[in-house]
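Enquirer: First residue of the sequence shown: 480, per our numbering; consecutive thereafter. Note that the Cβ used here is the ideal one computed from N, Cα and C, for glycine as well.
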Amino acid sequence: MTEPAVLAKVIAHRGASGDAPENTLAAINLAHQSGATCVELDASISSDNIPFVHHDDSLDRCTSGSGYLCAHTAEELDSLTADSGWEQYKGEPLPRLQAAIALLTRLQMGLNLEIKPTPGLEEPTALAVCEIIRESWPIDLPLVLSSFSRESLAVARDTLPGAARALIVCAVPADWQHQTQLLQCRNLHTAAPLLTAEQAKNITEAGLGLYCFTVNKSAEAHALFDMGVHGVFSDYPQKLINELNIE
Ligand code: G3P
Ligand code: MG
């Protein structure tokens with residue numbers, strides 16, 4: 480029986496992304512100021528295999544660039560802004576994973592790092608992320624590597640077996656237990672609206688950590704905690720932490 484990999488009851492999703500540009504150092508700083516102890520960030524790689532913190536395959540929605548992130552060198556990506564159009568955060572850079580880790584270390588925050596490969600880059604993305612984590616993540620801070628990509632998780636399992644892993648799903652698949660065992664995952668991260676009470680009971684009784692995305696209303700978080708869910712990813716961590724009286 481495995482032990483859940485504990486993150487926090489409220490995890491700042493892409494940083495405090497409801498009030499600052501997602502997946503930026505500003506969103507991490509704001510999450511910290513909001514009282515969050517842990518953030519979720521997405522990572523993908525440049526054409527020269529350097530991990531950057533970014534959600535989409537394309538640069539268009541959140542940055543000053545365009546096209547596939549994986550088609551650009553790290554040096555090219557370093558010159559982009561990622562303010563997502565937020566006037567008060569104008570010029571906020573697109574961060575390398577290395578820079579996000581340095582900030583989290585300074586702030587003493589935990590991290591759920593979602594490996595977010597562009598399709599076809601499942602292996603190099605996981606390898607590059609694991610290398611940075613091995614070199615830089617402080618051993619005493621909470622860390623979970625998660626992914627929708629089973630291929631990326633298998634690479635992480637084989638490359639960095641000591642780092643806790645989570646399988647991400649939208650709907651919980653019938654073979655969740657087999658998949659999490661195969662990938663040696665300690666957690667299952669799932670879409671909140673699709674989780675049933677019976678699934679939550681079975682998953683937590685199997686010894687897995689259970690975390691749900693994306694939860695921005697405290698009543699929904701409350702109902703999930705009542706079902707045994709260990710924590711939720713929220714774009715508005717401050718609101719949830721305050722409304723739920725989380726220490
Ligand atoms: O890691 C949980 C959640 O972030 C997964 O979905 O699309 O927000 O990365 P997405
Ligand atoms: Mg994510």
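Return helix, strand or coil for F704, following the three-state DSSP convention.
Expert: The residue labelled residue 704 in the question sits at position 225 within the sequence shown. Helix, per DSSP.
Enquirer: Alpha carbon to alpha carbon, what distance is there between V651 and A700?
Expert: By 1-based counting over the sequence shown, the position of residue 700 is 221. By 1-based counting over the sequence shown, the position of residue 651 is 172. Going by the C-alpha atoms only, they are around 18 Å apart.
Enquirer: Which term fits I594, buried or exposed, when burial requires 16 or more other beta carbons within 10 angstroms of its beta carbon?
Expert: What you label residue 594 is simply residue 115 of the sequence shown in a count that begins at 1. Label assigned to I594: buried.
Enquirer: Quick test of your reading: L736 and C691, contact by CB under 8 Å. State the CB separation rounded to the nearest angstrom.
Expert: With the chain represented from 480 up to 726, any question about residue 736 goes unanswered, as that position is not in the structure.
Enquirer: Is the beta carbon of H511 within less than 7 Å of some heavy atom of the ligand G3P?
Expert: The residue labelled residue 511 in the question sits at position 32 within the sequence shown. For the ligand G3P, not one heavy atom lies less than 7 Å from the Cβ of H511.
Enquirer: Helix, strand or coil for T638, going by three-state DSSP, please let me know.
Expert: Taking the first residue of the sequence shown as 1, we reach residue 638 at position 159. The answer is helix: DSSP assigns T638 an H, G or I state.
Enquirer: With L723 and H709 assumed to form a contact (beta carbons below 8 Å), what rounded beta-carbon distance in angstroms separates them?
Expert: Numbered from 1 along the sequence shown, position 244 holds the residue referred to as residue 723. Numbered from 1 along the sequence shown, position 230 holds the residue referred to as residue 709. That pair is no contact at about 14 Å.
Enquirer: What are the boundary residues of the alpha helix (DSSP H) that includes H709?
Expert: The residue labelled residue 709 in the question sits at position 230 within the sequence shown. Run containing H709: none; DSSP gives neither H nor E here.
Enquirer: Helix, strand or coil for I490, going by three-state DSSP, please let me know.
Expert: Against the sequence shown, residue 490 aligns to sequence position 11. Looking at I490 - three-state DSSP - the assignment turns out to be strand.
Enquirer: Three or more C-beta pairs closer than 8 Å, one from the segment 633–644 and one from the segment 661–669: is that the case here?
Expert: The segment 633–644 vs the segment 661–669: in contact.
Enquirer: With C-beta atoms as the reference, is N591 less than 8 Å away from I490?
Expert: On the sequence shown, position 112 is the one that residue 591 refers to. On the sequence shown, position 11 is the one that residue 490 refers to. Yes; because the gap between Cβ atoms is below 8 Å, this pair is in contact.
Enquirer: In terms of DSSP beta bridges, what is E593 paired with?
Expert: If you number the sequence shown from 1, residue 593 lands on position 114. Beta-bridge pairing links E593 to D521, S625.
Enquirer: Decide yes or no for the touch test of the segment 532–544 against the segment 559–568: beta carbon pairs closer than 8 Å, at least 3 of them.
Expert: These segments touch.
Enquirer: Any chance the CB of E450 is under 7 Å from a heavy atom of the ligand MG?
Expert: No answer is possible for residue 450: it lies beyond the span of the chain, which begins at 480 and ends at 726.
Enquirer: For D714, count neighbouring C-beta atoms within 10 Å of its own C-beta (all shown protein chains included) and say buried if the count is 16 or more, exposed if not.
Expert: As a first step, residue 714 must be located in the sequence shown, where it is residue number 235. Buried.
Enquirer: Taking just the CA atoms, how far does P672 sit from S697?
Expert: In the sequence shown, counting from the first residue as 1, residue 697 sits at position 218. In the sequence shown, counting from the first residue as 1, residue 672 sits at position 193. Their Cα atoms are separated by approximately 14 Å.
Enquirer: So, A670 versus S631, is the Cβ gap smaller than 8 Å?
Expert: Working through the sequence shown from its first residue, we reach residue 670 at position 191. Working through the sequence shown from its first residue, we reach residue 631 at position 152. Contact flag unset, no.
Enquirer: Hey, is the segment 570–588 in contact with the segment 491–511, meaning 3+ C-beta pairs nearer than 8 Å?
Expert: Touching, yes.
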